[in-house]
Every structure is written in C-alpha cells, then in structure tokens.
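Numbering-wise, my numbering comes out as the position in the sequence shown, counting from 1, plus 47.
The C-beta atom is built at its ideal place from N, Cα and C for all residues, glycine as well.
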Amino acid sequence: MKHIIAASLLLLAVPALSQDISGVARAADGDSLDFGGIAVRLHGIDAPELSQTCERPDGNWPCGKAAAAKLAALVGRQQIICEQHDIDAHGRTVAACRAGATDLAGAMVDAGLAVALAGFSDRYVAHEVRAKAARLGLWAGTFQMPADYRAAHPRTVPRNAHRHREPIPSPPPRAGPSTTYYSNCKEAWVSGAAPLHRGQPGYRPEMDGDGDGIACEPYRRR
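Here it is as structure tokens:
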C-alpha cells in the first residue's frame, strides 16, 4: 500500500506535458482540424493556405483548397485521435493526429499536398522525398512555400485564437547593425535561423505576415 501511495504522489507531482484530444472533427484547411471550436494544428507539416494557388504545366490550380479537401476526405466522419506535442504562439494545440491507423500529417505529405517541417520533426521528411520524386500534388509544378505565402499575404489573428494568451515576448535587439539577410523564409529555415524574432539578425517586417514580431512562423494564424 505504501508503494502505491508513493507512486500516486509521484504522478501528482509531475505536470502534464501533453494531452489527447479525440472526437469528430472537420478539416479547417490542409493542416488544421476543428473539434467543435477547439483548433488543432497538425504537427510537423505545413500545407498551402486556403486562398493559395500553385502552378503546373496545365495552368494554375487551387492547391490550398485541394489540400483542405484531401484532409477532409481523410477525416470523414471518423473518430480522430490527436496527441499533443506543443502549443503555438496563438494558443492552438499542435498535435499528431490519426484517423484509425492513418497518420493524417503523413498522408497529406504522401499526397504531395503538404510539406515537411524538418525544423520541428524529421518524421515526414522521407514522405516528402517520395512525393517529390513521384511529382505528386505540389511537386507536379511550382509553388510558393506556405510560410512565404503567409508573409506576403498578411492576415489578422483568427477568431478561434485564444485571445487570453499573452504574446510571446521578442528577444532584446542585439547591439550593432546586422548584415544577415534572408531573401525568403525557406532560406531562413534551411539556415536553421527561423523563426526570426524582431531584433534578431535577418528579421525583416516583410517576412512577418501578421506583424506580431515573429517572422517565418510555421504554425498558421487563421
């Protein structure tokens, strides 16, 4: 009995680092789910914005809407189970989600309708390599990385964002002028510098789509 009590006290002393969210959900876009007002962002991937278009040999196509439709088809009316990994700057749960045995993020990258965020997880990098080699979805032509599209098309914070959360403070500016320059968010991610906070070398307001002082954020603000 003493051992059981001790183990219980130990569990109570450890803070919960993650939680599961399950239920029927709808696809808000190509990498986000809505559980009846609870917004969940898929961990490790980034999909085109709903308004984003991409190019392929036969012309422009609505890649953002196609990504949302694909995620909606994967979700259907199944019970979705999500395991939280993080909380983004706007209060959304960032989680790995599955419908039955299907990893939703992996299936989106497999279809070529989302890109892997290697800076946050290497889990979907191989999926992206295969989709790119097969020229599926986005890889059938040319497209702007979602983070770059967001930077070029700023939008306001979504109504379902948790407004009670305080914004993440920016690091203090470093002394002296910066000569670091990234032409786009992809370069910043490849260099390992992103996300960029106001005052850090390489930060430019043009790359900060919502003006919150954090440029090249992988997690979207809708």
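So what does DSSP say about ASP67, is it helix, strand or coil?
Position 20 of the sequence shown, counting from 1, holds the residue named residue 67. The answer is strand: DSSP assigns ASP67 an E or B state.
Could you give the uninterrupted runs of the beta strand (DSSP E) lying entirely in the stretch 87-169, keeping only those of 3 residues or more?
101-103, 106-108, 127-134 and 140-146
What does a CB cutoff of less than 8 Å around VAL122 pick up in its chain, not counting 5 residues either side in sequence?
As a position in the sequence shown, residue 122 is number 75, starting the count at 1. The residues are ALA72, ARG73, ALA74, LEU80, ALA146 and LEU151.
State buried or exposed for TYR196, treating a residue as buried only when at least 16 other CB atoms are found within 10 Å of its CB.
Within the sequence shown, residue 196 is the residue found at index 149, counting from 1. It counts as buried.
Give every residue of the same chain whose Cβ lies closer than 7 Å to the Cβ of GLN125, excluding the five residues on either side of it in the sequence, and list them in chain order.
The count along the sequence shown starts at 1 and reaches residue 125 at position 78. Once the five neighbours on either side are set aside, the close Cβ partners of GLN125 are ALA146 and GLY147.
For a test of the three-state rule: what should DSSP assign to LEU185, helix, strand or coil?
Along the sequence shown, one-based indexing puts residue 185 at 138. When DSSP states are grouped into helix, strand and coil, LEU185 belongs to the helix group.
Based on DSSP bridge pairs, tell me the residues matched to PHE82.
The residue given as residue 82 occupies position 35 in the sequence shown. According to DSSP, which records beta bridges pairwise, PHE82 is partnered with ILE85.
Give every residue of the same chain whose Cβ lies closer than 7 Å to the Cβ of ARG170, excluding the five residues on either side of it in the sequence, and list them in chain order.
Numbered from 1 along the sequence shown, position 123 holds the residue referred to as residue 170. Closer than 7 Å at Cβ, skipping near neighbours: GLY91.
Taking the straight line between their C-alpha atoms, what separation do you get for THR100 and ALA198?
Taking the first residue of the sequence shown as 1, we reach residue 100 at position 53. Taking the first residue of the sequence shown as 1, we reach residue 198 at position 151. Roughly 15 Å between the two C-alpha positions.
For GLY111, count neighbouring Cβ atoms within 10 angstroms of its own Cβ and tell me buried if that reaches 16, exposed if not.
By one-based count along the sequence shown, residue 111 stands at place 64. It is buried - the Cβ of GLY111 has at least 16 other Cβ atoms within 10 Å.
Ends of the alpha helix (DSSP H) at ALA180?
Position 133 of the sequence shown, counted from the first residue, corresponds to residue 180. It spans 172-180 - the alpha helix (DSSP H) in which ALA180 sits, taken as one unbroken run.
According to DSSP, simplified to helix, strand and coil, what is ALA199?
Taking the sequence shown and counting its residues from 1, one reaches residue 199 at position 152. The answer is helix: DSSP assigns ALA199 an H, G or I state.
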